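End of the sequence shown = 278 in this note's numbering, gap-free, step of one.
The beta-carbon is built from N, C-alpha and C at its ideal position, and this holds for glycine as well.
Since we're looking at a predicted model, the values are computed, not measured.
A quick write-up on the structure given underneath.
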Amino acid sequence: MRKLIYAINVTLDGCCDHTKVIADEELHEYYGQLLRGADTFVYGRITYQLMVPYWPEAAKNQPGPKAINDFARAFDAVGQIVVFSRTLDKAEGKKTRIVRTGLKDEILRLKQEPGKDILAGGVDIPSQLMALDLVDEYRIVIQPIIAGEGRRLSPNPQERLPLKLVESKTFKGGSVLLRYTRR
């Protein structure tokens, strides 16, 4: 069975607004490696529209340093993007599929398919996945920033969700990766 991994950057005070965090080259290298271990992305509309068409276009144009270009290529190489949205009218490209209902059933079906890991990003859909206890692994990168404001992750699970720390890593720029699995 495939794993559903939730990966996100947060500030020290828990903000997960992408405008409040900074992904340096080392973090792009880390996330590029994570992307290469997956073949499906799961997003809500907002995260999808932040990622596409930006990263596929960056993969073609190679605008940045090597780590950012490698990340863009890894993003563009993914097999499918599943977007859960009731408002998105159309998807960019052939890899994207819009799903309007049935989050739990769709994720359970995806987990049963052969392939690499499934990556979830953003806030709304992952919060729902957490509440449904469908996330197998959490990869949280805490950045050395205090935002003071911004969006926070609020999973609101039915019960406490005990996790087991399986890895921690400190990056040169001061960010810390915390990798957890369910107990």
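Asked	Found
Count the other C-beta atoms from every protein chain shown that fall within 10 angstroms of the C-beta of leucine 145, then say buried if there are 16 or more, exposed otherwise.	exposed
Give the straight-line distance between the Cα atoms of glutamine 175 and threonine 265, rounded to the nearest whole angstrom.	31 Å
Going by C-alpha to C-alpha distance, which of Leu272, Glu187 and Gly127 sits closest to glutamine 238?	Leu272
How many whole angstroms separate the CB atoms of leucine 205 and isoleucine 213, which I take to be in contact at a CB cut-off of 8 Å?	6 Å
Quick one: is threonine 106 buried, meaning 16 or more other Cβ sit within 10 Å of its Cβ, or exposed?	buried
Could you tell me if asparagine 156 is buried or exposed, where buried requires 16 or more neighbouring beta carbons within 10 angstroms of its beta carbon?	exposed
Alpha carbon to alpha carbon, what distance is there between glutamate 121 and leucine 294?	The structure shown does not extend to residue 294, since the chain is modelled only from 96 through 278, so no value can be given for it.
Just reading off the beta strand (DSSP E) that lysine 259 is part of, what are its end residues?	258–265
Candidates Ile103, Gly188, Val116 and Tyr126: which alpha carbon is nearest glycine 293's?	In the structure as shown, the chain begins at 96 and stops at 278. Residue 293 is therefore absent and cannot be evaluated.
Name, in chain order, the residues that DSSP records as bridge partners for aspartate 112.	In DSSP, aspartate 112 forms no bridge with anything.
Is it buried or exposed, aspartate 200, if we count other Cβ atoms within 10 angstroms and call 16 or more buried?	exposed
Per the DSSP calculation, valine 236 is bridged to which residue(s)?	Asn104 and Leu272
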